[in-house]
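**Q** Just so we're aligned, residue 1 is where the sequence shown starts under this note's numbering, counting upward by one. Pasting a structure here, questions to come.
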Amino acid sequence: MKKSLLLVLAVLFGVSTPIFAQSSTDDYIPLVAEGVEWECDYHINPWHSEPCDIPYTIEIKGDTIIDNITYKCCVYTFEGGVCEWNGYVVPADTLTLAFIREDVESRKVYARSSDTQQHAVYNQFINFKESIGEFLLYDFANMNNPNQIWLQSQSSQGPLTITAEKITIDGVERNCYAIGQNGIYGHIVEGIGYDGKGYEQNSGDLMCQFPIFATGTDNLPVFKAHKNASKQTIYQSGDAANVFNSVENIVPDHNAPIQYYNLQGIKVDNPAKGIFIKKQGNKATKVYMK
Numbered sequence: 001m002k003k004s005l006l007l008v009l010a011v012l013f014g015v016s017t018p019i020f021a022q023s024s025t026d027d028y029i030p031l032v033a034e035g036v037e038w039e040c041d042y043h044i045n046p047w048h049s050e051p052c053d054i055p056y057t058i059e060i061k062g063d064t065i066i067d068n069i070t071y072k073c074c075v076y077t078f079e080g081g082v083c084e085w086n087g088y089v090v091p092a093d094t095l096t097l098a099f100i101r102e103d104v105e106s107r108k109v110y111a112r113s114s115d116t117q118q119h120a121v122y123n124q125f126i127n128f129k130e131s132i133g134e135f136l137l138y139d140f141a142n143m144n145n146p147n148q149i150w151l152q153s154q155s156s157q158g159p160l161t162i163t164a165e166k167i168t169i170d171g172v173e174r175n176c177y178a179i180g181q182n183g184i185y186g187h188i189v190e191g192i193g194y195d196g197k198g199y200e201q202n203s204g205d206l207m208c209q210f211p212i213f214a215t216g217t218d219n220l221p222v223f224k225a226h227k228n229a230s231k232q233t234i235y236q237s238g239d240a241a242n243v244f245n246s247v248e249n250i251v252p253d254h255n256a257p258i259q260y261y262n263l264q265g266i267k268v269d270n271p272a273k274g275i276f277i278k279k280q281g282n283k284a285t286k287v288y289m290k
């Protein structure tokens, strides 16, 4: 808890010193490894009375070289399906939609999207085209690093708190970070990546941590579980939440201020007519303004 307090103070007062920066790699659990896999759902229109889930996986499989840099391939496999209530079709497909690499010594994870393959419906990489190139996905040595793509996505939504604790996964202790804004809405886990909060506004998967990267539709990627190279499930969504139950600065939902966002994830101070996302604490609902 002492480390957590120092971290919160550093975030609030703009201290630039890396939080929990560590030079040794002895206790670091890498995220990028051949054969590891993330189970996810593509959740279509989660605010509808009859939403539907289309399962897909992200597997690290094989190598490639881009601009003289070696990456591991992120292979997406979609089961495919149809939403009964509106006939929305998600085609079954296997595509390499992204590439990822890790500098274990600096504890940084980098990624880039494919400029040749695109799924017909899953379009979370629309803002990650080849013009952006490589981006910093995670910095596990300094979670306050503003160059991380997930932190950049939240820059217009007010200051964040980033609280650090430890979590034991598969018998090994790892660093775990709760990302908060009037309450915890997601976790970033060493060796696992981003774990959002179910079907709420801040859902996401390994490469798309927040739906602000989507094209403005109501469809959201939802992380479910992580498997090691032996295809054994070692982490399930929500596991990290248990270690933060005693954090004292979480604001109860009924006391938290109400904030509104448009469907592109941009905060709206005075919403008028249209469809908006109402966020209070760690709860988000879709509302219609007349």
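Here a beta-carbon is modelled for each residue, glycine too, at the ideal position from N, C-alpha and C. From a predicted model like this one, the values you see are computed outputs, not experimental measurements.
In terms of residue numbering, what span does the beta strand (DSSP E) encompassing Gly171 cover?
**A** Premise fails: Gly171 is in no beta strand (DSSP E) and is neither H nor E.
**Q** Nearest-angstrom Cα distance between Lys166 and Glu173?
**A** 6 Å
**Q** In chain order, which continuous runs of the beta strand (DSSP E) of length 3 or greater are located wholly inside the region 59-128?
**A** 69-78, 93-103, 108-113
**Q** Rank Ala241, Ile192, Asp205 by C-alpha distance to the C-alpha of Ile234 and give the top, closest one.
**A** Ile192
**Q** Are the region 92-101 and the region 225-233 touching by the rule of at least three beta carbon pairs closer than 8 Å?
**A** no
**Q** Please identify the residue among Lys273, Ile277, Ala272 whose C-alpha is closest to the C-alpha of Ile266.
**A** Ile277
**Q** Under 8 Å between the Cβ atoms of Val82 and Ala229?
**A** no
**Q** Kindly list the residues whose CB is nearer than 6 Å to the CB of Tyr177, restricted to its own chain and excluding five residues on each side of it in sequence; keep chain order.
**A** Met143, Ile162, Ala164, Ile188
**Q** Using three-state DSSP, classify Ile54 as helix, strand or coil.
**A** Note: Ile54 maps to strand in three-state DSSP.
**Q** Nearest CA to the CA of Cys52: which residue from Asn68, Ile69, Val90, Leu137?
**A** Val90
**Q** Under a Cβ-count criterion, where at least 16 other Cβ atoms within 10 Å of its own Cβ denotes burial, should Pro68 be classed as buried or exposed?
**A** One point to set straight first is that residue 68 is Asn, not Pro, in the sequence displayed. Answer is exposed; the Cβ neighbour count stays below 16.
**Q** Just confirm the distance between the C-beta atoms of Leu206 and Trp38, as a whole number of angstroms; I'd bet it's less than 8 Å.
**A** 5 Å
**Q** Leu31: which of Glu105, Tyr76, Leu151 sits nearest, CA to CA?
**A** Of the residues Glu105, Tyr76, Leu151, the one whose Cα lies closest to the Cα of Leu31 is Glu105.
**Q** Quick one: residues in its chain with C-beta nearer than 8 Å to the C-beta of Gln22, no 5 flanking neighbours on either side, listed in chain order?
**A** Confidence at Gln22 is low in this model, with a pLDDT of 46, below 50, so the placement of that residue should be treated as unreliable; the coordinate-derived value is given next. The answer, listed in chain order, is Tyr28, Arg107, Ala141.
**Q** Decide if Ile258 is buried, meaning its Cβ has at least 16 other Cβ atoms within 10 Å, or exposed.
**A** When all chains shown are included, Ile258 counts as exposed.
**Q** Please name the residue, chosen from Ala225, Cys73, Ser237, Val243, that lies closest to Thr168 on a Cα-to-Cα basis.
**A** Val243
**Q** Taking a contact to mean a Cβ-Cβ separation below 8 Å, would you say Tyr110 touches Phe78 in this structure?
**A** no
**Q** Classify Ala164 as helix, strand or coil using the three-state DSSP reduction.
**A** strand
**Q** Pull up the distance between the alpha-carbon of Gly80 and that of Gly196, whole angstroms please.
**A** 23 Å
**Q** What are the start and end residues of the beta strand (DSSP E) that includes Gly193?
**A** 193-195
**Q** Does the Cβ of Glu34 have 16 or more other Cβ atoms within 10 Å, making it buried, or fewer, making it exposed?
**A** exposed
**Q** Drop a sphere of 10 angstroms on the beta-carbon of Gln148, count the other beta-carbons inside from all chains shown, and report buried for 16 or more, exposed for fewer.
**A** buried
**Q** Just grab the DSSP bridge partners of Gln236 for me.
**A** Ala225
**Q** Excluding sequence positions up to five away, which residues of its chain have a Cβ less than 8 Å from the Cβ of Asp63?
**A** Thr70, Tyr71, Lys72, Cys73
**Q** Check whether the Cβ atoms of Val287 and Cys40 sit closer than 8 Å, and answer yes or no.
**A** no
**Q** Classify Ala272 as helix, strand or coil using the three-state DSSP reduction.
**A** coil
**Q** Out of His119, Asp139, Asn145, Ser114, which one is the CA nearest neighbour of Gly133?
**A** Ser114
**Q** Check the DSSP bridge columns for Val189 and list the partner residues they point to.
**A** Answer by DSSP bridge pairing, in chain order: Cys176, Gly193.
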